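Here the structure comes first, spelled out in structure tokens, and everything after it is commentary.
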Amino acid sequence: MQDEFNPSLPDFNNPTQLVKKHSRSRSPERRPYTRNPYSDNPLKIPKNFIKLQDGKGSVLIPSLAGGLLSFKQFMEMQHSPIPLSEAQGFYNDYKLKFEQKHLEIFFAEHKNEPWFIEKYDPIVSQKWQEERNLNAKMMQRIFIENVKNSKFQGLKLQDTGIAPDGLSGAPYFGFDPNSLTLFLKAIPTNVSRWEILDVLKNCLGFLSLSMSEPLKSQNFARFAWVLFDSEAHCLEGLQTLCGKQVTQDFRLSPILSRTSSSKNIKSQPPTDTIENDLKLSGQLITTLDREKGIYENPLLITPEQFSELPLIEKELQLDYQLLYLRKIHSFCYYCVEEYDDERMLTAKCGIAHVRGKYDINAKTFTDPRIETRILNSGSFKNYDKDTDEILSKKLKEFEDRYTVQEEENKFRCDLCKKLFRGSEFIKKHLAVRHVDEVNGVVKERMENIMLERYLNDPCKITNPVILANDTMKFSERRKWEPRKMNNESYEDLDDPARRNARRKIVDYSDI
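Under UniProt numbering, the very last position in the sequence shown is 511; numbers go up by exactly one each time.
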């Protein structure tokens, strides 16, 4: 009886089935393919290749893993010539996607840390802004009282060429970082501002808490400074807070602040008139006051009142306004820099930024960022979940997904299979009985807002971009950047590490 044909065995009468296919890593049969999106031609092209506009070649797009390639390295890895104009555009797209990818990686690594949440979460950051607003109102009342009581006697924010005797006295009345201050070192990343504030608010004479930006060199830990209203309360706070429990794993270890007191003073070049500075600084004060809920400010005067003043009083009025911007709003008029508190402003901009002498022959220069800051005051809007249309849409989709109508007036919750007479009851049921699932939808929306705010922040903290080694050859770069396949069991048969010493290498020398 003749054996039946077994398809698993080769046909020995067909020589094409006896030819062994050699493995080659660059073989077209072993590369991931996709159909050409630029034509109806069934010809396939690799996924990491993009066709040129003229259709006569393609561009190899590097992987986003590993280091950022330079333009020279980008061109070296191409298999065919590319017009320079097109190559620059492809490289710019690759670089933009590379940077975006690594920003998203940084976001994923830090999105759950308190410092990141305080900065970018729309609800938590709003809570911190409200704390700043309350502090600004308190500091404004103190500032106005000091002006009335002549506490700023000798104020003169003009370049005199003479170094001041102290930091907090005349003529600049700067911020002394060591006065009435306790220093808290290395606040861990898992400790929030609010947890520290809950402890500090029980101390007599406590005024404010200032925290640094996360330090990359310290594993994103933060420093903190605690300000008191008197020397006695500061010393008492030192004793009270020592060893105070904040969280289960963290206790306070305060010391008296001994920051190196820099007397750095910046000076503006001469300008032609005082009127322009007074006008813009007054508009800035009004803008920043309203953002913090301050609607009355007896410090400001009208242009008519200002024009009637002698020059020495005009200069004093301008100095009051410049000092007000620094102490109440932590804003340097000449640097056009804004910080969370005066301590951070002093650390970045020095104890004072003074004006130059007025000279009618000097050119008028107005920093365009000042007018931009005044005009963009409306962009600081409070976030309200109830008016968030995207969140409402997400919640509606969630409710519809888990609401199943089985019959007329008979609806079932697809999460717990409970029956209801109407779909409106399932909405209430989900909000009460499935809080974790609903909160998951809200959390996803909050994270999307945080990511958007982080990407749009011009001062955001990032990891340094790792550049590919300039001396790395293309063949070495292929080893350094391993290929990834969807098939986890894939093995590169041409990998030198897999070579068997007993295996005879065919060199075709006998042909």
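Just so you know, even glycine gets a beta-carbon here, dropped at the ideal spot from N, CA and C. Because the structure is a prediction, the values reported are computed rather than measured.
Same chain, Cβ closer than 6 Å to residue i, neighbours up to 5 away in sequence not counted
{"i": "D367", "result": "V336"}
{"i": "E338", "result": "F331"}
{"i": "R412", "result": "V404, E406, L419"}
{"i": "F116", "result": "H110"}
7 Å Cβ cutoff, residue i in contact with chain C
{"i": "Y383", "result": "Among the chains of the structure shown, chain C does not appear; only one protein chain is present."}
Contact set for residue i: own chain, Cβ-Cβ below 8 Å, skip 5 residues either direction
{"i": "R401", "result": "D414"}
{"i": "G89", "result": "none"}
{"i": "L278", "result": "F306, K314, Q317, L318, Q321"}
{"i": "V191", "result": "P114, V246, T247, F250"}
{"i": "R421", "result": "N409, K410, F411"}
{"i": "T287", "result": "R373, I374, S377"}
Through-space distance from residue j to residue i, alpha-carbon basis
{"i": "E444", "j": "M450", "result": "10 Å"}
{"i": "N133", "j": "I82", "result": "57 Å"}
{"i": "P32", "j": "M77", "result": "A caution first: P32 carries a pLDDT of 42, below 50, which makes its placement in the model unreliable, though a value can still be read off. Using only the alpha carbons, I get a separation of about 18 Å."}
{"i": "L311", "j": "E130", "result": "39 Å"}
{"i": "F183", "j": "S423", "result": "57 Å"}
{"i": "T247", "j": "K185", "result": "16 Å"}
{"i": "H353", "j": "I274", "result": "16 Å"}
{"i": "K363", "j": "L280", "result": "17 Å"}
{"i": "E308", "j": "E145", "result": "24 Å"}
{"i": "L200", "j": "M344", "result": "20 Å"}
{"i": "N382", "j": "I360", "result": "44 Å"}
{"i": "K101", "j": "E296", "result": "47 Å"}
{"i": "G293", "j": "T302", "result": "21 Å"}
{"i": "R369", "j": "N276", "result": "15 Å"}
{"i": "C203", "j": "D229", "result": "11 Å"}
{"i": "S283", "j": "L323", "result": "The identity of residue 283 in the sequence shown is Gln, whereas the question assumes Ser. Between Q283 and L323, the C-alpha separation is close to 15 Å."}
{"i": "D289", "j": "S85", "result": "50 Å"}
{"i": "N36", "j": "K394", "result": "With a pLDDT of 36 at N36, under the threshold of 50, the modelled position of this residue cannot be trusted; read the value that follows with caution. Their backbone Cα atoms lie some 36 Å apart in a straight line."}
Identity of the residue in the options nearest residue i by Cα
{"i": "K266", "options": "A347, M211, T372", "result": "A347"}
{"i": "S253", "options": "A224, F228, K97", "result": "A224"}
{"i": "G166", "options": "I351, T247, P310", "result": "I351"}
{"i": "E432", "options": "T189, P458, E399, E447", "result": "The sequence as given places Val at residue 432; Glu does not occur at that position. Of the candidates T189, P458, E399, E447, the one whose C-alpha sits nearest the C-alpha of V432 is E399."}
{"i": "E291", "options": "N463, K460, K137", "result": "K137"}
{"i": "K410", "options": "I426, K396, C416", "result": "I426"}
{"i": "I461", "options": "L300, E213, S257, E447", "result": "E213"}
{"i": "H429", "options": "T403, E447, G440", "result": "T403"}
{"i": "T271", "options": "I123, G237, Y334", "result": "Y334"}
{"i": "L207", "options": "L227, E195, P188", "result": "L227"}
{"i": "K156", "options": "P171, V147, I162", "result": "P171"}
{"i": "K244", "options": "L197, K385, T287", "result": "L197"}
Cut-off 7 Å between Cβ atoms - residues of its own chain near residue i, not counting five sequence neighbours on either side
{"i": "K327", "result": "M139, F143, E342"}
{"i": "Y120", "result": "M450, R453, Y454"}
{"i": "Y91", "result": "F71, F74"}
{"i": "S257", "result": "P177, N178, T181, L182, F183, W225"}
{"i": "P269", "result": "G356"}
{"i": "L147", "result": "Reading the sequence as shown, one finds Val at residue 147 and not Leu. Closer than 7 Å at the Cβ level, and outside the excluded window around V147, lie L299, Y320."}
{"i": "L64", "result": "K97, F98, K101"}
{"i": "K417", "result": "none"}
**Q.** Segment contact, 8 Å Cβ cut-off, at least three pairs: the region 144 to 160 with the region 311 to 322
**A.** Verdict: yes, contact present.
Q. Pairing CB atoms from the region 369 to 389 with CB atoms from the region 422 to 436, are three or more of them under 8 Å?
A. Taking 8 Å as the limit for Cβ pairs, the verdict is that the region 422 to 436 does not touch the region 369 to 389.
Q: Scan the region 310 to 350 and note each continuous alpha helix (DSSP H) run of 4 residues or more that stays entirely inside, going in chain order.
A: The region 310 to 350 contains these whole alpha helix (DSSP H) runs: 311 to 329, 342 to 349.
Q: Enumerate, from N- to C-terminal direction, the unbroken alpha helix (DSSP H) stretches of 4 or more residues contained entirely within the region 252 to 311.
A: If we require 4 residues or more, the alpha helix (DSSP H) runs fully inside the region 252 to 311 come out as 275 to 291, 303 to 307.
**Q.** beta strand (DSSP E) segments (min. 3 residues) lying fully within the region 369 to 441
**A.** As for any beta strand (DSSP E) of minimum length 3 sitting wholly inside the region 369 to 441, the runs are 403 to 407, 410 to 413, ordered along the chain.
Q | Inter-stretch contact (C-beta, 8 Å, three-pair minimum) for the region 216 to 223 and the region 232 to 243 | A | Counting C-beta pairs with one atom in each stretch, the region 216 to 223 and the region 232 to 243 have fewer than three that are closer than 8 Å, which means they do not touch.
**Q.** 3-residue-minimum beta strand (DSSP E) runs that sit fully inside the region 180 to 250, ordered along the chain
**A.** The region 180 to 250 is shown to contain whole beta strand (DSSP E) runs of 3 or more residues at 181 to 187, 206 to 211, 222 to 228, 245 to 247, in chain order.
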